[in-house]
Amino acid sequence: NITLDNEVHSSFIQRRLRSQERREMQREILSILGLPHRPRPHIYTKQNAAPMFMLDLYNAISTDRQQPAGFSYYKPVFTTQGPRMVTQQDSIFLNDADMVMSFVNLVELDQDVLSSRHNREFRFDLSRIPEGEAVSTAEFRIYKDYIREHYENETFHVSVYQVLQELPDSEEDLLLLDTRVVWAIEEGWLVFDITGTSNQWVVNLDQNLGLLLALESMDGQSVNPRLVGLVGGSGPQDKQPFMVAFFKATEVRLRSIR
Amino acid sequence: SAHGHKGRNPNRSKNPKNAQDALKVAEAAAENLSTDPKQGCKKHELYVSFRDLGWQDWIIAPEGYAAYYCQGECAFPLNSYMNATNHAIVQTLVHFINPETVPKPCCAPTQLHGISVLYFDDSSNVILKKYRNMVVRACGCH
Chain A
1 NITLDNEVHS SFIQRRLRSQ ERREMQREIL SILGLPHRPR PHIYTKQNAA
51 PMFMLDLYNA ISTDRQQPAG FSYYKPVFTT QGPRMVTQQD SIFLNDADMV
101 MSFVNLVELD QDVLSSRHNR EFRFDLSRIP EGEAVSTAEF RIYKDYIREH
151 YENETFHVSV YQVLQELPDS EEDLLLLDTR VVWAIEEGWL VFDITGTSNQ
201 WVVNLDQNLG LLLALESMDG QSVNPRLVGL VGGSGPQDKQ PFMVAFFKAT
251 EVRLRSIR
Chain B
1001 SAHGHKGRNP NRSKNPKNAQ DALKVAEAAA ENLSTDPKQG CKKHELYVSF
1051 RDLGWQDWII APEGYAAYYC QGECAFPLNS YMNATNHAIV QTLVHFINPE
1101 TVPKPCCAPT QLHGISVLYF DDSSNVILKK YRNMVVRACG CH
C-alpha cells in the first residue's frame, strides 16, 4: 500500500541545546525565513485589530490545508468572536498571495479629539517590506461602531484620500482614492482599496505622506468621524484602524552558501 | 556508468559480471539487510519548537514546526513502502555490481508541503508568509 504519510519513526533524541548551538540554529532558521536578524517588536499587543485579523488569515490557510483534494478553496471564513472578519474576497486574495502584511497606524492620537478639524490622518511605514515582493492588493480598514444618538436615520459619505503634498497653510493636496456611503446605525469594518497608492509608496517611500479620511453628511456638511462611530487610535484595541497588503513574489530568492 | 572510475577499482574482478549474478547477490543481500526493518528509508520525527527557542515574543503562530526528516538505508527490497523510483531499483542493482563506484540510492523526501508563519517585524507590523517545501510529507529512495 502506497500511502502519502509514511509511517513515522521517532528517533530524534531530545536534548537541551548548548547556547552556541542554539544561536547557530536560530541564525539558520532566520536565514531560511529571509530575516537579517531576530525581530524585536517594541510596542505591540496581540489583541490589536491587525494581529487578530492576520491570525484569522493564518487560521484560514491552516483550515484550507486540512481539506481533502478537490474541496472548494474559495470559501468565506467568518470569525465568530469579536468584530473582525475575513471575507470571501480576502480568501481569494490570500490564495493568490505569497505574503500578507499588516501595518500599524503611526498617528496615535485622533486629531478630531484634540481640535476642531474633522479630517483624520493615518500613516503607515512601508519601508520594511522584504525585497522581491510586489503589492497585488492593499486595503485600508476602519471600524464603524453602532451609534444610536444624533444621526440614527442619516447616511454619510466616507472618503479616503492620498495626501500628495503637505502645504504650509495647513491645507493638503489630496487625491480621492475610494468612497463609501454608510448608514449611522451600520456596524462593522469599512474596507477601502488603496492598491495603486501602496504600489506608488513602495517604489517611492518619500511620497508616503499618509491617508486622510473625511466624513460628510448627504448635504455636504463636514462631520466629526468620532460622532458617527468611526473608531480611531483612541478607540478599543480590537477596533483600531490598520492597513493590510497582499504581496506576490516577483523573484525566486536564492540563499547564499555559508 | 560511473565515468572516470573504470579500471581503478582493484576489487572489480571480484564483482559479478552480469545482471543474473547481480540479482543473485542482491537476493542474498536482501536476506541479510531486510531482517532489520528499522534500517529502511523512513520518515522520522523532527519538531522545532519556537517556544523552546524563546521566539514567542515575535512569532505569533505556529508554536512550532513539525518538519520531519528522511533517514534509513535504501537496500533490497525496495518495495512500494519505500516509494522507490524505478531508477533507484536499477541503481541498487548496479551498486551490487560495482559497490565502490556506484552508491546506493539516497533516502530523501518525495513529497514536501509548505508552512505559513505569522510574525511581528521590528516595527510591530505583522507578516504572514508562506514558505514552500518545508515539511516532509513522504520519504522514498532516489
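Protein sequence lines, in the order shown, are assigned to chains A and B. For the first sequence, the positions run 1 to 258 when the working numbering is used. For the second sequence, the positions run 1001 to 1142 when the working numbering is used. All residues carry an ideal CB built from backbone N, CA and C; glycine is no exception.
Validate contact between the region 133-150 of chain A and the region 93-107 of chain A using beta carbons, cut 8 angstroms, 3 pairs:
yes
If we count the other Cβ atoms within 10 Å of its Cβ and call it buried at 16 or more, is A:L190 buried or exposed? buried
Roughly how many whole angstroms lie between the Cα atoms of B:H1113 and A:V202? C-alpha separation (whole angstroms): 31 angstroms.
Practice task
Could you tell me whether the Cβ of A:D125 comes closer than 7 angstroms to any Cβ of chain B?
Solution key: yes
Would a check of beta-carbon distances place B:I1115 closer than 7 angstroms to chain A? no
Checklist entry - Relative to chain B, which residues along the region 50-65 of chain A have a C-beta separation below 9 angstroms, given in chain order? => result A50, P51, F53, M54, L55, L57, Y58, N59, I61, S62, R65
The beta strand (DSSP E) enclosing B:E1063, as first and last residue numbers
Here B:E1063 belongs to no beta strand (DSSP E), and DSSP marks it neither H nor E.
task: Closer than 7 angstroms by beta-carbon distance: list the chain B residues that pair up with A:S102, in chain order.
output: N1125, V1126
Residues bridged to B:H1113 [DSSP beta-bridge criterion]
B:V1135
field: Host alpha helix (DSSP H) of B:L1093 (start-end)
entry: 1086-1097
request  = Starting from A:Q89, trace the alpha helix (DSSP H) both ways and give me its first and last residue.
outcome  = Taken as a continuous stretch (DSSP letters only), the alpha helix (DSSP H) holding A:Q89 covers 88-96.
Item to complete: Please confirm if B:P1093 has its CB atom under 7 angstroms from at least one CB of chain A.
Response: For the record, residue 1093 of chain B in the displayed sequence is Leu; it is not Pro. No, no contact with chain A.
Can you tell me which of the three DSSP states B:A1029 falls into? The predicted model places B:A1029 with a pLDDT of 47, which falls under 50 and marks its position as unreliable, so this point remains unresolved.
(message) Please list, in chain order, the chain B residues whose beta carbon lies closer than 8 angstroms to that of A:K46.
(response) I1060
Exercise for the section: Tell me whether the beta-carbon of A:M54 lies closer than 7 angstroms to the beta-carbon of A:A245. Expected result: no
Assign A:E121 to one of two classes, buried (16 or more other C-beta atoms within 10 Å of its C-beta) or exposed (fewer than that).
Residue environment: A:E121 is assigned as buried (16 or more neighbouring CB atoms within 10 Å of its CB, all protein chains considered).
- CB contact check: A:M218 to chain B, cutoff 7 angstroms: no
DSSP three-state assignment for A:F247, whether helix, strand or coil: strand
*asked:* Would A:V86 and A:A50 be called neighbours here (beta carbons separated by less than 7 angstroms)?
replied: No; because the gap between Cβ atoms is not below 7 angstroms, this pair is not in contact.
* Using a cut-off of 9 angstroms between C-beta atoms, extract the partners of A:R18 located in chain B. => The contacting residues do not exist; A:R18 stays about 14 angstroms from chain B at best.
Through-space distance from A:Y143 to A:H42, alpha-carbon basis: 25 angstroms
Interface flag, A:M243 vs chain B, CB-CB below 7 angstroms: no
Item checked: Contact with chain A by B:R1051, beta-carbon distance below 7 angstroms -> Residue-level contact by beta carbon fails for B:R1051 and chain A, as no gap is shorter than 7 angstroms.
Next on the checklist: So B:L1118 contacts chain A; which residues on that side make the cut at Cβ distance below 7 angstroms?
Outcome noted: M54, L55, Y58
- prompt: Which whole-angstrom value describes the C-beta separation of A:D125 and B:S1123, a residue pair presumed to lie in contact below a C-beta threshold of 8 angstroms?
  reply: 5 angstroms
### Task
Measuring only between beta-carbons, confirm whether A:P36 sits less than 7 angstroms from chain B.
no
Step through the CB atoms of chain B and report whether any lies within less than 7 angstroms of the CB of A:D98. Interface with chain B (7 angstroms Cβ-Cβ cutoff): A:D98 is included.
**Report entry** Neighbour-count burial assignment, A:F78, 16 or more Cβ in a 10 Å radius
**Finding:** For A:F78, the predicted structure reports a pLDDT of 39, less than 50, and the residue's modelled location is therefore unreliable. The matter cannot be settled from this model.
Quick check on the burial criterion: 16 or more other C-beta atoms within 10 angstroms. Buried or exposed for A:M243? So A:M243 ends up on the buried side.
task: Would you list the residues sitting across from B:C1070 in a DSSP beta bridge?
output: B:K1043
Cβ of B:K1104 less than 7 angstroms from any chain A Cβ? no
Point to revise | Residues of its chain near A:Q240, where Cβ-Cβ distance is below 6 angstroms and the 5 sequence neighbours each way are ignored | key: Non-local C-beta neighbours of A:Q240 in its own chain, meaning closer than 6 angstroms and more than five positions away in sequence, comprise N48, A49, ordered along the chain.
message = Measuring only the C-alpha atoms, how far is A:M218 from A:F156?
response = Between A:M218 and A:F156, the C-alpha separation is close to 6 angstroms.
Simplified DSSP assignment, three categories, for A:Y58: helix
Identify whether A:V231 lies in helix, strand or coil by the three-state DSSP scheme.
coil
### Per-residue DSSP class, three states only, for A:A184
coil
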